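Enquirer: Using the working numbering, read the sequence shown as starting at 21 and increasing by one per residue. For glycine and all other residues, C-beta sits at the position ideal for the given N, C-alpha and C. Bear in mind the structure is a predicted one, so any value in this text is a computation, not a measurement.
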Amino acid sequence: MKAFQYNPPTEPIEIIHQDDDILLVDKPSGLLSVPGKGDEHKDCLETRLRDIYPELLLVHRLDHPTSGIIIFARNKHAQRHLGLQFEKRQTEKRYIARVWGQVDGASGHVNLPLRCDWPNRPRQMVCFEHGKSAQTDWELMERNDQSSRLALYPKTGRSHQLRVHCQAMGHPILGDSFYASGKALEAAKRLQLHAEQLKFRHPVGGAWMSLTAPCPF
């Protein structure tokens with residue numbers, strides 16, 4: 021496992037959608053969603069956006085090496101409304117991943133409970149005795165000699181869920197410093213996981229919205 025070195029990207033944050041209640045942006049890989057411990061980890065997506073939108077409120081987050089679409093609320097009502105959608109699993113999320121090896125089949129379902137691997141935190145692990153329910157659907161997009169491209173649909177929102185589930189399938193995500201090793205780790209300079217699409221109800225009026233952030237790999 022590579023030692024964590026925080027070198028956040030400096031490019032501007034791309035705004036996907038904004039209105040009076042919500043803000044959706046495309047988080048670059050390598051940028052923390054929220055501040056970490058220590059002054060050296062204060063630079064993050066939330067802090068940068070609050071320089072422009074001081075009213076922003078957190079709804080969810082993405083892992084530091086994961087890129088893609090993330091939503092913030094711009095008032096308490098919107099935060100409560102969106103938070104309940106995530107809690108009740110009413111949102112729909114689609115991720116794109118490049119994984120090591122040739123995945124068999126066209127689609128599948130992973131149902132493996134997860135808990136924190138405390139001696140190695142923040143790593144997570146499969147645990148049937150103490151783990152919380154974690155479920156992921158997947159579809160094969162393409163294969164090549166060394167890797168496969170998958171669409172991943174998390175049905176629950178456990179920490180590192182997609183990364184651990186892919187590893188448990190025998191196909192770790194390329195460039196994953198926690199769950200890949202050897203050639204799978206060296207195959208990409210960044211984690212090949214991107215939150216491509218988020219579908220949710222707008223907190224005012226309840227209309228369904230489906231927004232995307234194009235996959236950069």
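Helix, strand or coil for ASP59? Go by DSSP, reduced to three states.
Expert: In the structure shown, ASP59 sits in a helix (DSSP, three-state: H, G or I).
Enquirer: Pairs of beta-carbons, one from the segment 91-108 and one from the segment 63-83, closer than 8 angstroms: are there three or more?
Expert: With a cut-off of 8 angstroms, the segment 63-83 and the segment 91-108 count as touching, because enough Cβ pairs lie within range.
Enquirer: Do you know how far the Cα of ARG210 is from the Cα of HIS185?
Expert: Cα to Cα, HIS185 sits roughly 18 angstroms from ARG210.
Enquirer: Excluding sequence positions up to five away, which residues of its chain have a Cβ less than 7 angstroms from the Cβ of HIS61?
Expert: Result list for HIS61: TYR26, LEU52 and PRO55, in chain order.
Enquirer: Within 10 angstroms of the Cβ of PRO174, are there 16 or more other Cβ atoms? Answer buried if so, exposed if not.
Expert: PRO174 is buried by the Cβ-count criterion.
Enquirer: In whole angstroms, what separates the C-alpha of LEU218 from that of GLN110?
Expert: So the alpha carbons of these two residues sit roughly 11 angstroms apart.
Enquirer: Whose C-beta lies closer than 7 angstroms to the C-beta of ALA204 among residues of the same chain, with five residues either side of it excluded?
Expert: Correct list, in chain order: TRP120, PRO192 and LEU194.
Enquirer: Return yes when the Cβ of GLU216 is within less than 8 angstroms of the Cβ of GLY88, no when it is not.
Expert: Yes, the Cβ-Cβ distance between GLY88 and GLU216 is below 8 angstroms.
Enquirer: From which residue to which residue does the beta strand (DSSP E) around LEU213 run?
Expert: LEU213 -> beta strand (DSSP E) spans 213-221.
Enquirer: Can you give, in chain order, each stretch of the alpha helix (DSSP H) that sits fully within the segment 139-198 and has at least 4 residues?
Expert: Counting only runs of 4 or more, we get 181-188.
Enquirer: I'd like to confirm the pairing. Which residues does DSSP put opposite ILE42 in its beta bridges?
Expert: DSSP output for ILE42 lists ALA93 as bridge partner(s).
Enquirer: Here's the rule: buried if 16 or more other CB atoms are within 10 angstroms of the residue's CB, otherwise exposed. What is TRP9?
Expert: The shown model of the chain, from 21 to 237, leaves out residue 9, and the question about it has no answer.
Enquirer: Between the Cα of ARG114 and the Cα atoms of HIS150, LEU170 and GLY128, which residue gives the shortest distance?
Expert: The option with the nearest alpha carbon to ARG114 is LEU170.
Enquirer: Throw me the rounded Cβ distance for the LYS152 and ARG178 pair, which I believe falls under 8 angstroms.
Expert: The pair is a contact, with the Cβ atoms about 6 angstroms apart (cut-off 8 angstroms).
Enquirer: Grab me the residues of HIS129's own chain with a C-beta within less than 8 angstroms of its C-beta, minus the 5 sequence neighbours each way, in chain order.
Expert: Excluding sequence neighbours, HIS129 sits near GLN155, THR156, ASP157 and TRP158.
Enquirer: Out of SER49, ILE33 and LEU82, which one is the CA nearest neighbour of ARG70?
Expert: Answer by Cα proximity: ILE33.
Enquirer: Can you look up ARG231 in the DSSP assignment and give me helix, strand or coil?
Expert: Sequence inspection shows Leu at residue 231; the Arg mentioned does not correspond to that position. Three-state DSSP puts LEU231 in a strand.
Enquirer: Check this for me: beta carbons of ARG163 and GLN122, under 8 angstroms apart or not?
Expert: Contact flag set, yes.
Enquirer: Since LEU132 contacts VAL146 with CB under 8 angstroms, what's their CB separation in whole angstroms?
Expert: Indeed they touch by this definition, with Cβ atoms about 5 angstroms apart.
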